[in-house]
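In what follows, a structure is listed as structure tokens, so that the remarks can point back to it.
In our numbering, the protein residues as written are 195 to 444.
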């Protein structure tokens, strides 16, 4: 007969084996999960080099980017929104842009932009009404990636379009055009909900200044572009900006 002590030891050993197997399974799931997260098609782009994590300061309606010193003006009415204006300028505020509050159109726009450039290169986000409050309104972001405009253009045509077509009911990319010294790409999309139909655009304006690319991203309803020209025309860079625009890219 098997003694009670032997049975107890057997049960204890079996429990330990089950515990060890469960711990091993959790480890495998964790490792595989991390690997999958790094390969998500819409994860923010991991640009080469160390990001300087820019931010901005507001002087009236003048946005001054730090550390680059580039400036531009936003519509004064954007600063009148209550209970607080829709401006994300500090690094803490910019990181809060990842909080989309589960709104489909905001999630889709965030994924589309993130497929082109990482949020760590964003120096500020502003708009008419609060970005993550579920209100459809005009928005703008400014980025300073080290990537060339050709590299950014390639990401827009590939990664951004893949993210947009996956996120929205319908999405299309307009033919590349120029706007002054800026290269322009526009993604139009249609998003439908239980009680809503949205027709919106995501505009990418690219220009090379010194050793950085300047990337403005405008998110707005179709036809809601009246604020774009004033912002671009007010843009000032303390150094040299390229006056020529590449006509093609790989």
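Glycine is no exception: its CB is placed at the ideal position from the N, C-alpha and C atoms.
Distance CB(residue i)-CB(residue j) smaller than 8 Å
i, j, result
"residue 334", "residue 321", "yes"
"residue 425", "residue 266", "yes"
"residue 346", "residue 409", "yes"
"residue 283", "residue 249", "yes"
"residue 357", "residue 407", "no"
"residue 393", "residue 384", "yes"
"residue 364", "residue 371", "no"
"residue 430", "residue 264", "yes"
"residue 255", "residue 324", "no"
"residue 348", "residue 306", "no"
"residue 374", "residue 404", "no"
"residue 402", "residue 343", "yes"
Identified DSSP bridge partners for residue i
i, result
"residue 365", "383"
"residue 320", "281 and 334"
"residue 249", "260"
"residue 377", "372 and 400"
Residue i versus the options, residue with shortest Cα-Cα distance
i, options, result
"residue 292", "256, 326, 436 and 429", "326"
"residue 359", "370, 343, 389 and 396", "396"
"residue 259", "353, 394, 299 and 288", "288"
"residue 262", "385, 270, 315 and 355", "315"
"residue 300", "257, 435, 430 and 387", "387"
"residue 298", "434, 372, 405 and 389", "389"
"residue 428", "247, 251, 246 and 269", "269"
"residue 303", "412, 433 and 437", "412"
"residue 313", "272, 362, 416 and 246", "246"
"residue 420", "252, 434, 391 and 331", "331"
"residue 376", "353, 350, 437 and 342", "437"
"residue 400", "286, 257 and 341", "341"
"residue 417", "432, 404, 286 and 380", "380"
"residue 257", "319, 271 and 369", "319"
Limits of the unbroken beta strand (DSSP E) element including residue i
i, result
"residue 397", "391 to 403"
"residue 265", "265 to 267"
"residue 260", "256 to 260"
"residue 371", "371 to 373"
N-terminal and C-terminal residue of the alpha helix (DSSP H) that residue i is part of
i, result
"residue 409", "Segment 406 to 415 is the beta strand (DSSP E) holding residue 409; no alpha helix (DSSP H) there."
"residue 306", "298 to 308"
"residue 428", "422 to 428"
"residue 345", "343 to 349"
Heavy atom of the ligand COA within 7 Å of residue i beta-carbon
i, result
"residue 366", "The model on display carries no ligand, and the ligand COA is accordingly not part of it."
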